[in-house]
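S.K.:
Chains as they are written, first to last, in the UniProt record's numbering: chain S, 1 to 535; chain D, 1 to 157.
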């Protein structure tokens, strides 16, 4: 093939010898040839416009069919107004790992975390977090090391609000009673092991301190009743630590439920899927397999045990307390609580009529009491639905959280994916006409965009199912725990009831105590709505 | 260029239009989708460029810069090929860019990707072929006849 390239181009100017007329014709033809790309580009532009119209029409068609075309989500006021009102002085009761995360949500970070955030370039994002006009002025922990970490965190001036934020002295309290007696503390955050939650929260409410308490609300029915009555008869704002419902996706899922997109929901499946020693609450060893720090000299063990039966000190118990029923309800207390809250915030189903649980210790055969495989069935005959919980600590196969309705199902995670049901009555026509495809998601929410997508391309579907997006407000990734404490502080300042209030906490507490009782007593447990009692 | 037969010239121009169209639309589609980011693709990166990909995705500023350059780079290369404007640099840049895509997710034995794949590929995939096609276009230019480079060349003469 003689296709050698001649770089020196020939153009019409070299055709001087040609006749003038012919030359003009050649010239015109050469110029036209040179412009050959323009119609191609024009055609592409035309096709792009056509595709945009088609996609827009398709999206509108699905949304209209679902009655979602006029949906409007309230614009988040996040970061738009400066914190008004007085400074709130907060005390931490318990300063372990969770408290470290909570203090970051409040706007305080330990110098070590600042350093590691600097290294992975996430410090700037955190510093942009809304300044909440709070100061941590008290730390209470039975372990000296944790208390010192708390003090260093509270004193660190690298934080949102910068140098203008007030610098108040931080005090260490050696018992929570001491902290509750101090008039300088306005509110407390309780992040102790679960067996302390109810009685500390009750005493805090009696002392007039606002309460942010980690889940679970309570391990015992009588304690829960006392907490409920005390908070109800006080003016304090109680918020239970369930941050996931703060995600923008949840607001959108609420709208989906309200508009009955799913049809009648008769089954909800919730799961926990973990497969690691840490996930199974074996937490008393460091990365090298050596016991973590702490002994009876640096830990006030008697205070740590509190009302729980006596047990000799061990590093295992101190760090991996979830394994024993005296301190926690295992997966029910640590994981199902989040699931229950998610469902109850959406559907307001309240306390179940009956619960039966079963399971066992099938994989992590150490000194634990808590089962590593646990399945609970919550019956709600008055709502015509069953809530299932299935937790497993020896397989991380993702099983999701699914709301099953007659017309569609919704998988709710870091985003919401709604798929029409093949046997749906409502969408029968849409499915028949091809407008709705029951074999792939019908709509999904994109938290980044704050709007609804009718899912179209293969890769979009892929990302929707994986939930690679994060909760975003006004284009910024925001920590949901931060939003949850912010809601609590706003209610303290301006009045109002937070989302995980004492009513929700009571319903959750009862449901969890029932599930635990059912597992331990190996029988179905019922709720007597007249006597307000578990039977 | 004057040595091309009519059929050869036509085939090369058609190839240039097709590849240009594809690259231009890839760029415009990203521009039209405000949520688009290369993070998902880079997360899949497994071979010799996976370290580079990790570095890009772990840094929001660099990721934004890469997204911006990628989108506008594709549009510029696509326009260059379709219109025949600076077609040779466009083809060379395009070959390099597309080859980088290939190096991030080559269909080699033992490398598994979670992203949906178009067709069955072993070592060679359509991305590699597109990179090779761009090399051909760089070596067999047509834009001084069928392209705006005609005017550039005329002005230079």
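Think of the CB as a built atom: it goes at the ideal place given N, C-alpha and C, for glycine as much as any other residue. Since this is a predicted model, take the numbers as computed values, not measurements.
Verify the CB distance criterion: does residue 151 of chain D have a CB-CB separation below 8 Å to chain S?
M.R.: It does; some Cβ of chain S falls within 8 Å.
S.K.: With three or more beta-carbon pairs closer than 8 Å as the criterion, would you say the stretch 310-325 of chain S touches the stretch 267-277 of chain S?
M.R.: no
S.K.: First and last residue of the beta strand (DSSP E) that includes residue 172 of chain S?
M.R.: 171-173
S.K.: Relative to the alpha-carbon of residue 29 of chain D, which residue among S:190, S:55, S:254, S:30 has its alpha-carbon at the smallest distance?
M.R.: Checking every option, the nearest Cα to that of residue 29 of chain D belongs to S:55.
S.K.: Kindly say whether residue 467 of chain S, judged by its beta-carbon, lies nearer than 8 Å to any beta-carbon of chain D.
M.R.: Low local confidence applies: a pLDDT of 36 at residue 467 of chain S is under 50, so the model's placement there is unreliable, and no value is given.
S.K.: Thinking residue 77 of chain D and residue 93 of chain D are a contact (beta carbons under 8 Å), I'd like their distance in whole angstroms, please.
M.R.: Right, their Cβ atoms sit about 6 Å apart.
S.K.: Using a Cβ-Cβ cut-off of less than 7 Å, give me the residues of the stretch 162-196 of chain S that come near chain D, in sequence order.
M.R.: none
S.K.: Residues of chain D with CB under 8 Å from residue 38 of chain S, in chain order?
M.R.: 83
S.K.: Given this structure, state the Cα-to-Cα distance separating residue 546 of chain S from residue 358 of chain S, to the nearest angstrom.
M.R.: No information on residue 546 of chain S is available, as it lies outside the stretch 1 to 535 that chain S covers here.
S.K.: DSSP has residue 531 of chain S in a bridge; who is on the other side?
M.R.: Beta-bridge annotation (DSSP): residue 531 of chain S is not paired with any residue.
S.K.: Would you mind telling me which residues of chain D sit closer than 7 Å to residue 416 of chain S, beta carbon to beta carbon, in chain order?
M.R.: In chain order: nothing, as chain D lies at least about 16 Å away.
S.K.: Please state whether the Cβ-Cβ distance between residue 145 of chain S and residue 170 of chain S is less than 8 Å.
M.R.: no
S.K.: Of the residues that make up the stretch 119-152 of chain S, which ones have a beta carbon closer than 8 Å to any beta carbon in chain D?
M.R.: 120, 121, 125
S.K.: Reducing DSSP to helix, strand and coil, say where residue 439 of chain S ends up.
M.R.: coil
S.K.: Find the residues of chain D that neighbour residue 33 of chain S, judging by a C-beta separation of less than 7 Å, and give them in chain order.
M.R.: 145, 146
S.K.: Quick one: Cα of residue 523 of chain S to Cα of residue 117 of chain S, how far?
M.R.: 49 Å
S.K.: Measure from the alpha carbon of residue 10 of chain D to the alpha carbon of each residue in D:152, D:137, D:67, then state which is nearest.
M.R.: D:137
S.K.: When DSSP labels each residue in this structure, what does residue 461 of chain S get in the three-state scheme?
M.R.: A caution first: residue 461 of chain S carries a pLDDT of 45, below 50, which makes its placement in the model unreliable, though a value can still be read off. Helix.
S.K.: Looking at the unbroken beta strand (DSSP E) that takes in residue 228 of chain S, where does it start and where does it end?
M.R.: No beta strand (DSSP E) contains residue 228 of chain S, which is instead part of the alpha helix (DSSP H) from 221-232.
S.K.: Taking just the CA atoms, how far does residue 281 of chain S sit from residue 348 of chain S?
M.R.: 31 Å
S.K.: Comparing C-alpha positions only, which one of S:352, S:200, S:283, S:361 sits nearest to residue 318 of chain S?
M.R.: S:283
S.K.: Does the beta-carbon distance from residue 388 of chain S to residue 270 of chain S come in below 8 Å?
M.R.: yes
S.K.: Nearest CA to the CA of residue 79 of chain D: which residue from D:69, D:70, D:90?
M.R.: Of the candidates D:69, D:70, D:90, the one whose C-alpha sits nearest the C-alpha of residue 79 of chain D is D:90.
S.K.: Could you check the C-alpha separation between residue 155 of chain D and residue 148 of chain D for me, to the nearest Å?
M.R.: 11 Å
S.K.: Determine, using beta-carbon pairs with one atom in the stretch 512-527 of chain S and one in the stretch 351-367 of chain S, whether at least three such pairs fall under 8 Å.
M.R.: yes
S.K.: Quick check on residue 468 of chain S: does DSSP put it in helix, strand or coil?
M.R.: Caution applies to residue 468 of chain S, whose pLDDT of 33 falls short of 50 and renders its modelled position unreliable; the value that the coordinates give is listed next. DSSP, read as helix, strand or coil, puts residue 468 of chain S in coil.
S.K.: Residues in its own chain within less than 6 Å of residue 465 of chain S by CB, not counting five upstream and five downstream?
M.R.: Any reading at residue 465 of chain S needs caution, since the residue's pLDDT is 41, under 50, leaving its predicted position unreliable; the model's value is listed next. Excluding positions up to five away in sequence, the list is empty.
S.K.: At what residues does the beta strand (DSSP E) containing residue 511 of chain S begin and finish?
M.R.: No beta strand (DSSP E) contains residue 511 of chain S, which is instead part of the alpha helix (DSSP H) from 502-521.
S.K.: Between which two residues does the alpha helix (DSSP H) containing residue 106 of chain S stretch?
M.R.: 97-106
S.K.: Taking the Cβ atom as the reference point for each residue, do residue 217 of chain S and residue 511 of chain S lie within a distance shorter than 8 Å?
M.R.: no
S.K.: Would you report the Cα separation of residue 602 of chain S and residue 256 of chain S, rounded to the nearest angstrom?
M.R.: As shown, chain S starts at 1 and ends at 535. That puts residue 602 of chain S outside it, with no answer to give.
S.K.: Would residue 81 of chain D and residue 19 of chain D be called neighbours here (beta carbons separated by less than 8 Å)?
M.R.: yes
S.K.: Less than 8 Å between CB atoms is the rule here; does residue 455 of chain S satisfy it with respect to chain D?
M.R.: The predicted model places residue 455 of chain S with a pLDDT of 44, which falls under 50 and marks its position as unreliable; any figure quoted below should be read in that light. No, its Cβ sits nowhere closer than 8 Å to a Cβ of chain D.
S.K.: Find the nearest neighbour of residue 346 of chain S within the set S:382, S:258, S:48, S:425, judged by alpha-carbon distance.
M.R.: S:258
S.K.: Return the chain-ordered ranges of every alpha helix (DSSP H) run that is complete within the stretch 89-146 of chain D and spans a minimum of 4 residues.
M.R.: Complete alpha helix (DSSP H) runs here, min 4: 126-139.
S.K.: Quick one: using the 10 Å Cβ neighbour count with 16 as the cut-off for buried, is residue 421 of chain S buried or exposed?
M.R.: buried
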